[in-house]
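Have a look at the structure below before the remarks.
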Amino acid sequence: MRKVGVSDLKPGMKLSRTIYNSRGEELLKNGVALTDAYIQLLIKLELPFVWVDDGLPFKMPEANDVIKRQTRVAAVRQIKNVLLEAKESGRLVIEPQSLYTTVGEFTEQLLSNKNLIFNLVDLRSQDDYTFAHSVNVCILTLMTGITLGYGHNELAFLGVGALLHDLGKVKIPDKILNKPGGLTAEEFEVMKKHTVFGYELIREAGNLDEINAVMALQHHENYDGSGYPKGLKDEQINEYAQIVAIADRFDAITANRVYRKAFPPVEAYEMCEASVNYFVKESVAKAFMYNIAAYPAGTIVELNNGMAGVAADTPKGNSLFPMVHVYFDEKKRLLPKQIELPLYKEKGLFIVRVLHGEEASRWKGFSPS
Numbered sequence: 001m002r003k004v005g006v007s008d009l010k011p012g013m014k015l016s017r018t019i020y021n022s023r024g025e026e027l028l029k030n031g032v033a034l035t036d037a038y039i040q041l042l043i044k045l046e047l048p049f050v051w052v053d054d055g056l057p058f059k060m061p062e063a064n065d066v067i068k069r070q071t072r073v074a075a076v077r078q079i080k081n082v083l084l085e086a087k088e089s090g091r092l093v094i095e096p097q098s099l100y101t102t103v104g105e106f107t108e109q110l111l112s113n114k115n116l117i118f119n120l121v122d123l124r125s126q127d128d129y130t131f132a133h134s135v136n137v138c139i140l141t142l143m144t145g146i147t148l149g150y151g152h153n154e155l156a157f158l159g160v161g162a163l164l165h166d167l168g169k170v171k172i173p174d175k176i177l178n179k180p181g182g183l184t185a186e187e188f189e190v191m192k193k194h195t196v197f198g199y200e201l202i203r204e205a206g207n208l209d210e211i212n213a214v215m216a217l218q219h220h221e222n223y224d225g226s227g228y229p230k231g232l233k234d235e236q237i238n239e240y241a242q243i244v245a246i247a248d249r250f251d252a253i254t255a256n257r258v259y260r261k262a263f264p265p266v267e268a269y270e271m272c273e274a275s276v277n278y279f280v281k282e283s284v285a286k287a288f289m290y291n292i293a294a295y296p297a298g299t300i301v302e303l304n305n306g307m308a309g310v311a312a313d314t315p316k317g318n319s320l321f322p323m324v325h326v327y328f329d330e331k332k333r334l335l336p337k338q339i340e341l342p343l344y345k346e347k348g349l350f351i352v353r354v355l356h357g358e359e360a361s362r363w364k365g366f367s368p369s
């Protein structure tokens, strides 16, 4: 099994994971042979990638989601209803307990899977990007809070604020939100107002904690004072808002958008690493990166010794050094038996580049069956 960008799919490839829509409904079942029509459907849905059967005689590593699919789908549906109702009515009407219940389910699953690292396993379509983004940011935020030692009450406030961090975008015109290109200076000034709009909507609701409003207001402030809306810096920015800020940025840049392709996870990780003390403070950045797999399970990689294989599990705190299942020698010949190399233990071995499906498919034994 390997991950293939939708633009690289070819008729005859077989899916190795079922594809669902944002409502949790089955679109294409595991094992289905792709046709031109199916590929066009996937392109229309703007999915970044799918998993296909590669024909290898080895079991390929799979990424385990830190949250159960049913829980994630239900949360996306919930936040979608909240945001669409707010967009239609111009105000936030919500029973806070419903959000706290969702955050509680996330927290329980994260605490029971403490060793799992965040892999990009969800397939977001453009239509449900905003809602899936809110859920992803919540999950990433909670993982960071857990690493920082937050208690259950703190995690509850943190998670609800993360779910609502982009609430203010319901007041931004769709033509700006969905513009398939860069924003003009005037349009960007309008976009920046979503932080203030979110703050106001949460406060006006009257039944949410003030910290949730602050998170919506400050999640685009930068630690060096270069952010918006107020240009706050250093400890003027609430820590909860900083956690949401780095989770928001990571999830946004690793998603396909109408105006650009997704950044590979390793590049997004490096951006977060470079953001220390100018975007967020060091303790927040380190806690966030502790939970991220720079090379999600299923990523085809080449090592500095010339051998190649697929990233598998990544231990927390070792984001750049996953277990790699090596299938090819330095001349890219299929090995008779896979070799497992835990890079987090192997001194001197490291990943030099990510290999894309088109290149890997030319190697002997790596062509999809």
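Every letter in the sequence shown is one number past the one before it in the UniProt record's numbering, and letter 287, counting from 1, is 287. We put the beta carbon where it would ideally sit given N, CA and C, even for glycine.
Exercise for the section: To the nearest angstrom, report how far apart residue 244 and residue 33 are at their CA atoms. Expected result: As a first step, residue 244 is located in the sequence shown; it is residue number 244 there, counting from the start. As a first step, residue 33 is located in the sequence shown; it is residue number 33 there, counting from the start. Rounded to the nearest angstrom, the gap between the Cα atoms of residue 244 and residue 33 is 40 Å.
Exercise for the section: Could you tell me which of 332, 203, 336 sits nearest to residue 398, measuring between CA atoms? Expected result: The first residue shown for the chain is 1 and the last is 369, placing residue 398 beyond what the model contains.
Exercise for the section: Leaving aside the five residues before and after residue 29 along the sequence, list all residues of the same chain whose C-beta is less than 6 Å from its C-beta, in chain order. Expected result: Against the sequence shown, residue 29 aligns to sequence position 29. 18.
Practice task
Check whether the Cβ atoms of residue 169 and residue 130 lie closer than 8 Å to each other.
Solution key: To locate residue 169, count along the sequence shown from 1; it is residue 169. To locate residue 130, count along the sequence shown from 1; it is residue 130. It is a contact, given that the beta carbons lie within the stated cut-off.
Practice task
Return the first residue and the last residue of the alpha helix (DSSP H) that residue 152 is part of.
Solution key: In the sequence shown, the residue the question calls residue 152 occupies position 152. Counting along the chain, the alpha helix (DSSP H) containing residue 152 begins and ends at 152–163.
Handout entry: Span of the alpha helix (DSSP H), counted from its first residue to its last, around residue 265
Key = The residue given as residue 265 occupies position 265 in the sequence shown. Residue 265 -> alpha helix (DSSP H) spans 265–274.
Handout entry: Uninterrupted alpha helix (DSSP H) stretches inside the segment 294–341 (no shorter than 4 residues)
Key = None, since the segment 294–341 contains no complete alpha helix (DSSP H) of that length.
Exercise for the section: Within 10 angstroms of the Cβ of residue 123, are there 16 or more other Cβ atoms? Answer buried if so, exposed if not. Expected result: Position 123 of the sequence shown, counted from the start, is the residue given in the question as residue 123. Interpretation of residue 123 is limited by its pLDDT of 49, a score under 50 that renders its predicted location unreliable; the figure taken from the coordinates is listed afterwards. When all chains shown are included, residue 123 counts as buried.
Handout entry: Pair within 8 Å by beta-carbon distance, residue 207 and residue 164
Key = The sequence position of residue 207 within the sequence shown is 207, counting from 1. The sequence position of residue 164 within the sequence shown is 164, counting from 1. Their beta carbons are not under 8 Å apart, which means residue 207 does not touch residue 164 by this criterion.
Exercise for the section: Identify the continuous beta strand (DSSP E) that holds residue 288 and give its terminal residues. Expected result: Counting from 1 along the sequence shown, the entry for residue 288 is found at position 288. Per DSSP, residue 288 belongs to no beta strand (DSSP E); it is in the alpha helix (DSSP H), 282–289.
Exercise for the section: Drop a sphere of 10 angstroms on the beta-carbon of residue 111, count the other beta-carbons inside from all chains shown, and report buried for 16 or more, exposed for fewer. Expected result: By one-based count along the sequence shown, residue 111 stands at place 111. Under a 10 Å Cβ-count criterion, residue 111 is classified as exposed, with fewer than 16 other Cβ atoms of the shown protein chains found around its own Cβ.
Handout entry: Stretch-stretch touch, CB-based, cutoff 8 Å, three pairs: the segment 177–191 with the segment 73–86
Key = no
Handout entry: Beta-carbon spacing of residue 252, residue 218 below 8 Å
Key = Along the sequence shown, one-based indexing puts residue 252 at 252. Along the sequence shown, one-based indexing puts residue 218 at 218. Contact: no.
Problem - Distance between beta carbons of residue 178 and residue 215, contact taken as under 8 Å - result: Here residue 215 refers to the residue found at position 215 of the sequence shown. Here residue 178 refers to the residue found at position 178 of the sequence shown. The beta-carbon distance between residue 215 and residue 178, rounded to whole angstroms, is 24 Å. This is too long to meet the 8 Å contact definition.
Handout entry: DSSP three-state assignment for residue 26, whether helix, strand or coil
Key = Locating residue 26 in the sequence shown gives position 26, counting from the first residue. It is a strand residue.
Exercise for the section: Within the same chain, show all residues whose beta-carbon is closer than 7 Å to that of residue 280, passing over the 5 residues directly before and after it, in chain order. Expected result: Against the sequence shown, residue 280 aligns to sequence position 280. Closer than 7 Å at the Cβ level, and outside the excluded window around residue 280, lie 223, 242, 245, 246.
Exercise for the section: Could you spell out where the alpha helix (DSSP H) holding residue 249 opens and where it closes? Expected result: Here residue 249 refers to the residue found at position 249 when the sequence shown is read from its first residue. Taken as a continuous stretch (DSSP letters only), the alpha helix (DSSP H) holding residue 249 covers 239–253.
Practice task
Tell me, please, which residues DSSP counts as bridged to residue 257.
Solution key: The residue you call residue 257 lines up with position 257 of the sequence shown. DSSP lists 260 as partners of residue 257.
Practice task
For residue 305, collect the residues of the same chain with a Cβ closer than 7 Å to its Cβ; drop the 5 residues on either side in sequence, then sort them by chain order.
Solution key: On the sequence shown, residue 305 is found 305 positions in, with the first residue counted as 1. Taken in chain order, the residues that qualify are 330, 349.
Exercise for the section: Take residue 326 as the anchor and find which of 320, 336, 318 has the nearest alpha-carbon. Expected result: As a first step, residue 326 must be located in the sequence shown, where it is residue number 326. The candidate whose alpha carbon is nearest that of residue 326 is 336.
Handout entry: Whole-Å CB distance - residue 65 paired with residue 16, under 8 Å assumed
Key = Counting from one through the sequence shown, the residue named residue 65 turns up at place 65. Counting from one through the sequence shown, the residue named residue 16 turns up at place 16. Their Cβ separation, rounded to whole angstroms, is 16 Å, which puts residue 65 and residue 16 out of contact at 8 Å.
Handout entry: residue 33 - partner residues in DSSP beta bridges
Key = Along the sequence shown, one-based indexing puts residue 33 at 33. Answer is 14.
Handout entry: Distance between residue 267 and residue 221 (C-alpha atoms, nearest Å)
Key = The residue given as residue 221 occupies position 221 in the sequence shown. The residue given as residue 267 occupies position 267 in the sequence shown. Roughly 22 Å between the two C-alpha positions.
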